[in-house]
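Note sheet for the following structure.
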């Protein structure tokens with residue numbers, strides 16, 4: 003079909019193949035690595051939380067926040083328990099959990115490393131910090147180490163621009179870093195945790 007001003011090239015006559023615009027890539031996942039399959043958690047820990055919010059208006063977000071406080075993330079079985087015991091729809095809960103950045107659908111490490119990539123940190127080579135940490139931890143941005151000790155995240159801003167480049171590990175801020183310094187900090191935390 004010929005269209006003037008298609009979404010692919012505004013103002014030009016183009017031949018548009020609708021099928022090519024709406025092509026979706028599907029990635030096959032190995033069941034062994036599917037995190038939804040590994041959510042072995044004690045669901046009884048949620049009982050007081052559900053009792054507190056069951057039947058209350060606007061209970062969805064507090065239930066998700068409380069669940070994440072318990073487990074560090076939102077396991078699938080927790081969604082199912084909340085739905086079963088409160089009547090909230092799974093689709094509504096999942097929609098809220100995927101909309102807000104505060105919610106995690108995968109387990110995270112004991113220590114969450116946040117590398118600032120705001121303007122000041124970007125100019126001061128935050129990329130070097132992220133790359134050094136990825137190499138030292140053998141994970142990519144957004145991933146968690148196999149031992150679940152560290153999760154690595156890039157963030158827009160930590161609000162410590164005068165210390166650029168900056169990273170935060172748990173509640174501790176580290177500034178004026180180099181890639182080697184950031185890797186050394188993580189190594190020291192790992193050693194301390196293993197003792």
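Residue numbers (our numbering): 3 to 197. The beta carbon of each residue, even a glycine, is placed where N, CA and C say it ideally should be.
- Item | Cα-Cα separation, residue 89 to residue 55 | 12 Å
- Message: Using a 10 Å radius around the Cβ and a threshold of 16 neighbouring Cβ atoms, would you call residue 80 buried or exposed?
- Response: buried
- Buried or exposed: residue 172, going by 16 or more other Cβ atoms within 10 Å of its Cβ? exposed
- Message: Does the structure place the region 155–169 close enough to the region 107–120 that three or more beta carbon pairs sit under 8 Å?
- Response: yes
- Using DSSP with H/G/I as helix, E/B as strand and the rest coil, what is residue 155? strand
- Along the beta strand (DSSP E) that carries residue 113, what are the first and last residues, could you check? 113–118
- Message: Using CA atoms only, rank isn't needed, just tell me which of 122, 69, 74 is closest to residue 85.
- Response: 69
- Can you give the Cα-Cα distance for residue 102 and residue 120, rounded to whole angstroms? 20 Å
- Task: Work out the CA separation of residue 196 and residue 180 for me, nearest whole Å.
- Result: 25 Å
- Query: Can you tell which of 110, 177, 178 has its C-alpha closest to the C-alpha of residue 75?
  - Reply: 110
- Query: Near residue 21, which residues of its chain fall below 6 Å by C-beta distance, leaving aside the five closest residues on each side in sequence?
  - Reply: Its pLDDT being 37, under 50, residue 21 is placed unreliably in this model, and the value from its coordinates should be taken loosely. Excluding sequence neighbours, residue 21 sits near nothing in its chain.
- Item | Beta-bridge partners of residue 174, as assigned by DSSP | 171
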